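Worksheet for the structure shown next.
Residue numbers (UniProt numbering): 1 to 257.
Here it is as structure tokens:
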């Protein structure tokens with residue numbers, strides 16, 4: 001299913017996006033050395049409920065997972081990159097943490113992710129990983145315009161990631177979003193320009209470049225959800241929900257100031 005949102009739905013999408021962006025920034029401030037991942041999950045639940053929103057994750061049960069996810073935010077640490085299930089772990093200095101959050105507010109969903117280093121020890125190679133995903137996301141957003149094809153923005157993302165020296169896994173990528181969290185079209189993190197769905201105003205996309213330092217192979221953790229690098233290397237993941245507009249792209253998942 002591919003949805004094209006009307007003006008009223010876009011207003012609600014902006015509200016949902018601002019909520020996601022605000023919660024992620026609040027969690028980033030709280031994610032200090034010694035904080036437990038389960039506390040981050042508990043705080044997320046409270047912020048979602050206080051806003052009158054609903055979690056897209058707690059009852060999420062796709063074919064690739066093991067039953068409902070059962071938590072409110074994905075917390076991927078170090079070699080974990082996607083679907084990181086919160087568990088009893090206290091953050092340590094130098095951990096590379098990715099927080100991925102999706103909520104539905106007044107019938108419209110928004111999805112975003114941030115990667116950052118906890119504490120004061122910031123390894124240059126970790127900063128390079130994060131920077132590559134952020135630059136790739138910016139390149140993908142810059143490629144969004146009515147009449148362009150999904151392959152055009154996939155190629156823009158992949159060009160940055162490959163240019164930074166990383167291989168690109170195509171199993172998981174971005175996606176359409178709207179009244180539900182995951183919709184068509186799929187947005188691979190690399191691709192061929194001139195191919196795929198033609199973008200038009202009102203289309204919402206969640207763009208999410210992610211990389212692993214020295215591999216493109218994933219392994220699934222014993223929890224049935226958390227995806228880790230096959231070599232145990234560090235990872236990073238950055239995501240925004242954007243709306244296609246007549247002028248290009250509007251980023252929805254920025255916190256309101």
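Even for Gly, the Cβ is constructed at its ideal location relative to N, Cα and C.
Everything numeric in this text was worked out from a predicted model, so none of it was measured.
Worksheet entry | Length-filtered (3 minimum) beta strand (DSSP E) runs lying within the segment 74-141 | 74-77, 80-82, 96-105 and 108-117
Worksheet item: Comparing alpha-carbon positions, which option in 186, 222 and 35 lies nearest residue 93?
Response: If we check each option's Cα against that of residue 93, 35 comes out closest.
Worksheet entry | Cut-off 7 Å between Cβ atoms - residues of its own chain near residue 245, not counting five sequence neighbours on either side | These residues qualify, in order along the chain: 201.
Worksheet item: Pick from 69, 99, 56 and 54: whose alpha carbon is nearest that of residue 76?
Response: 99
Worksheet item: Which residues does DSSP pair with residue 199 in a beta bridge?
Response: Beta-bridge pairing links residue 199 to no other residue.
Worksheet item: Okay, do the segment 99-114 and the segment 20-33 touch, 3+ Cβ pairs below 8 Å being the bar?
Response: yes
Discussion item. So, at 6 Å on beta carbons, what are the nonlocal neighbours of residue 96 in its own chain, with the 5 sequence-adjacent residues on each side left out?
Written reply: 78, 117, 126 and 234
Worksheet item: So, is residue 229 buried or exposed, given that buried needs 16 or more other C-beta atoms within 10 angstroms?
Response: buried
Fill in: When 197, 84, 148 and 237 are compared against residue 227, the one with the closest alpha-carbon
Checking every option, the nearest Cα to that of residue 227 belongs to 84.
Discussion item. Quick check: what's the CA-CA separation for residue 160 versus residue 6?
Written reply: 33 Å
Discussion item. Quick check on DSSP: helix, strand or coil for residue 245?
Written reply: coil
Practice prompt. Determine the direct distance from the alpha carbon of residue 151 to that of residue 131, and round the result to whole angstroms.
Written response: Across the structure, residue 131 and residue 151 are spaced so that their CA atoms are roughly 22 Å apart.
Worksheet item: Where does residue 183 land, buried or exposed, given buried means 16+ other C-beta within 10 angstroms?
Response: buried
Worksheet item: With DSSP run on the structure shown, which of helix, strand or coil describes residue 210?
Response: strand
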